[in-house]
Each structure stands twice: as C-alpha cells, then as structure tokens.
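Student: Residue 87 in our numbering sits at position 87 of the sequence shown, with consecutive numbering throughout.
All C-beta atoms in this analysis are idealised placements derived from N, C-alpha and C, irrespective of residue type, glycine included.
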Amino acid sequence: MNANARITISCNDRVGLVSDISGRIFDIGANLGPTYFALEDGTAKFETSCELPDGCPVSECESALNALSLENADIKVEEIAAIPALTTAPGATHMIECSGIDQPGLIARLSEIFIEYNANIVRLAASSTDEKDARIYTTRFAVAIAPERASNCLATLANTAGSMRLVFKFDEL
1 MNANARITIS
11 CNDRVGLVSD
21 ISGRIFDIGA
31 NLGPTYFALE
41 DGTAKFETSC
51 ELPDGCPVSE
61 CESALNALSL
71 ENADIKVEEI
81 AAIPALTTAP
91 GATHMIECSG
101 IDQPGLIARL
111 SEIFIEYNAN
121 IVRLAASSTD
131 EKDARIYTTR
141 FAVAIAPERA
151 SNCLATLANT
161 AGSMRLVFKF
171 DEL
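1. Our contact map puts A142 next to A119 with C-beta atoms below 8 angstroms; I'd like the distance itself, whole angstroms only.
2. As a quick exercise: from L154, T160, G162, A161, pick the residue whose alpha carbon is nearest that of E172.
3. Touch check for the region 104-112 and the region 56-66: three-plus C-beta pairs under 8 angstroms?
4. Which of the three DSSP states, helix, strand or coil, is assigned to E62?
5. For the putative contact between E78 and A5, defined by C-beta atoms under 8 angstroms, what is the C-beta separation to the nearest angstrom?
6. Tell me, to the nearest whole angstrom, how far the beta carbon of I75 is from that of E62; I am working on the premise that it is less than 8 angstroms.
7. Rounded to the nearest angstrom, what separates A150 and L65 at their Cα positions?
8. Between M95, V167, C11, which has its C-alpha nearest A73's C-alpha?
9. Pull up the distance between the alpha-carbon of R159 and that of E116, whole angstroms please.
10. In this structure, does DSSP put N4 in helix, strand or coil?
11. For E47, which of V18, F26, S69, L70 has the nearest alpha-carbon?
12. Take K45 and list the residues in its own chain whose beta-carbon comes closer than 6 angstroms to its own, dropping the five residues that flank it on each side.
13. Which complete alpha helix (DSSP H) runs does the region 32-106 hold, if anything under 4 residues is left out?
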C-alpha cells in the first residue's frame, strides 16, 4: 500500500464509532493502512494512514467524515507523500532486496551486516503488504560496498536472510 493520506479524528466515544468511521472510509474507496484507536480520558482517538482512490482529494474525504454524527469532533485529513520506489541511488554499488513475513528487528539485523563489511547504506525503502494470511515486509537497500568485500557481504546477507526465511536478491549497479 502506498499511503497518500493521514486521517486523525478525536471525538466523544459512542457505540459503533469505529464501525461508522471505517465504514465511511470504505465507502469513499480508501484502503486503510496502519490504524490506531484508543480511548484516552473519555475521548476517542482514531488515526490511520490510508490510500485514497484517484479522484478523491483530501477535502472530499474530510467532507465525508464531517458528515458523520460525531460529537465534539476534530477531524483532520492531510496529504502525505508516498514513500518513493527505490530503483537507483547515486553512489550505490548494489541494490539489495529482502522480503518475507514481517518480524521484529528485521531492518536492524540486516543493516548490522553492512557494518561488518564497512558498507554504507545510501538509501533505504521498506514497505509491507498483506498477502493471504501473512504480512509481507519488503526492504530495499541501495548500498555502497567495496569491490573486494562485495561477495562476502552479499553471501552473509543471503545466509542471514535465509535463516530469517526471507527471499534475498540483489543487483550490481
């Protein structure tokens, strides 16, 4: 998912609130991303990053949400920049991609390997998608690796990715 909007709603709580908000977002054709809801000191707080459909500006989304029966509501819909696809990076020698089931510490564990080989991350992009019954996390690193260390660094990355049950691939730039 490429989120292009952040929706933040603060209002009085009531039964059916999450259903009404998420239903309205669904009705306008938006795809929910990471979503948070909590009651804090009697106030309901709903926040999500989502993908609004083409032809649905944030103003239209905000109007649709304002039409809900929400008491003491503060509704904000703001445009956010999508994370750019990582296809090239000046100064990088290799483009590395690892993907698999999301797990804690994934980026930390992979990026530690670069330290061992004195490789420098030039750019990083990570995203997640829901596929079947799993959340798939894809990390792309554009890295500058010294030629004499590249094969060992890539082999270590491949082994580590394999032990984490990740698909590993790379391209030399």
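Tutor: Looking at the coordinates:
1. For A142 against A119, the beta-carbon gap comes to about 11 angstroms, at or over 8 angstroms, which does not count as contact.
2. That would be L154, whose Cα lies nearest to the Cα of E172.
3. No: fewer than three Cβ pairs fall under 8 angstroms.
4. Here E62 sits in helix by DSSP.
5. Rounded, the Cβ-Cβ distance is 7 angstroms, consistent with contact.
6. The C-beta distance from I75 to E62 rounds to 6 angstroms, short enough to meet the 8 angstroms contact threshold.
7. Roughly 52 angstroms separates the two Cα atoms.
8. It is C11 whose Cα lies nearest to the Cα of A73.
9. The sequence given here has Asn at residue 159, not Arg. Between the alpha carbons of N159 and E116 lies a distance of about 14 angstroms.
10. If DSSP states are grouped into helix, strand and coil, N4 belongs with coil.
11. The candidate whose alpha carbon is nearest that of E47 is V18.
12. Counting only Cβ-Cβ distances below 6 angstroms, and skipping sequence neighbours, we find S10, A38.
13. DSSP runs (the alpha helix (DSSP H)) wholly in the region 32-106: 58-66.
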